[in-house]
Amino acid sequence: MIEVAVDLLGSEPLTAFSMDEVAKRSGASRALLYHYFASKRELIRAVVAHESAALRTVLEGAELPEALDAYLAYADTHPHGYRLLHGGTLQADPEVAATIEQTRTQIERAVLTHLRIGKVIELDRLAVRGWTGSVIAICLEWGGNEHVSRGAVHALLMRTLPIPTRIDGARGTSRAGEETAK
Numbered sequence: 001m002i003e004v005a006v007d008l009l010g011s012e013p014l015t016a017f018s019m020d021e022v023a024k025r026s027g028a029s030r031a032l033l034y035h036y037f038a039s040k041r042e043l044i045r046a047v048v049a050h051e052s053a054a055l056r057t058v059l060e061g062a063e064l065p066e067a068l069d070a071y072l073a074y075a076d077t078h079p080h081g082y083r084l085l086h087g088g089t090l091q092a093d094p095e096v097a098a099t100i101e102q103t104r105t106q107i108e109r110a111v112l113t114h115l116r117i118g119k120v121i122e123l124d125r126l127a128v129r130g131w132t133g134s135v136i137a138i139c140l141e142w143g144g145n146e147h148v149s150r151g152a153v154h155a156l157l158m159r160t161l162p163i164p165t166r167i168d169g170a171r172g173t174s175r176a177g178e179e180t181a182k
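Going letter by letter, the sequence shown gives residues 1 to 182 in full-length UniProt numbering.
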């Protein structure tokens, strides 16, 4: 039922999404669907939690280049789930928005860890936040584009990865101690 709901939510406007259609396409009765999910909102929250967990799972334990490749593979092979998490349609629900934000924050922490920069300052976090935002935007645009390979997207994103160790904005100095313009 979750997978059917992912496909429906990712391919139709939210206003067209119905519990009846999920039950019909999954071959389950409405009663069974409502047994597990008391409302459309509960089902949507379960779908987002499922997709968030799936995305976090593919990233576990890998070094940054491999984790990015796994992330791109997920975006490529789960386009409906990826759009659900990053398309913005479902984020009006505070619980859904919190789940999505928690997933993004975990990804950002993993990137910061992989960069091995030592003490993370706010500028580092902001740089990685911006980079993950560009990763999301590129993946949303790239989805379904047969003219650009996953390898090309991977190379682009690795080239644009921030090197947040250069500037310590909180102190106005580079990490090497050189003064920077404020």
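Heads up, the beta-carbon is just placed ideally off N, CA and C, and yes, glycines get one too.
(message) Using CA atoms only, rank isn't needed, just tell me which of L123, D20, T103 and A110 is closest to L64.
(response) A110
(request) Rounded to whole angstroms, what's the CA-CA distance from H80 to E51? Just pull it up for me. (result) 10 Å
(request) Closer than 6 Å by C-beta to F17: which residues in its own chain qualify, once you throw out the five before and the five after it? Chain order, please. (result) L8 and L9
(request) Compute the beta-carbon to beta-carbon distance between P162 and W131, rounded to the nearest angstrom, for a pair I have assumed lies under 8 Å. (result) At roughly 5 Å, the Cβ-Cβ gap stays under 8 Å, so P162 and W131 are in contact.
(message) For a minimum of 4 consecutive residues, which ranges assigned as the alpha helix (DSSP H) are wholly contained in the UniProt domain "HTH tetR-type" (1-55)?
(response) 2-11, 19-26 and 30-36
(message) According to DSSP, simplified to helix, strand and coil, what is A176?
(response) Because the pLDDT at A176 is just 45, under 50, the model does not fix this residue reliably, and the point stays unresolved.
(message) Check whether the stretch 114-130 and the stretch 34-51 touch, using three or more Cβ-Cβ pairs below 8 Å as the test.
(response) no
(request) Look up Q102 in the DSSP assignment and say whether it is helix, strand or coil. (result) Looking at Q102 - three-state DSSP - the assignment turns out to be helix.
(message) Just verifying my parser: in three-state terms, what is the DSSP assignment at R116?
(response) coil
(message) Which residue wins for smallest C-alpha separation from R104, given the options I44, H86, I2 and N145?
(response) R104 has its Cα closest to that of H86, out of I44, H86, I2 and N145.
(message) Taking only three categories from DSSP, how would you classify S149?
(response) Reduced to three states, the DSSP call for S149 is coil.
(request) Go through its chain and collect everything with a Cβ distance to V148's Cβ below 8 Å, but skip five positions before and after it. (result) W142
(request) Measure from the alpha carbon of A70 to the alpha carbon of each residue in T160, R159, E146 and R150, then state which is nearest. (result) R150
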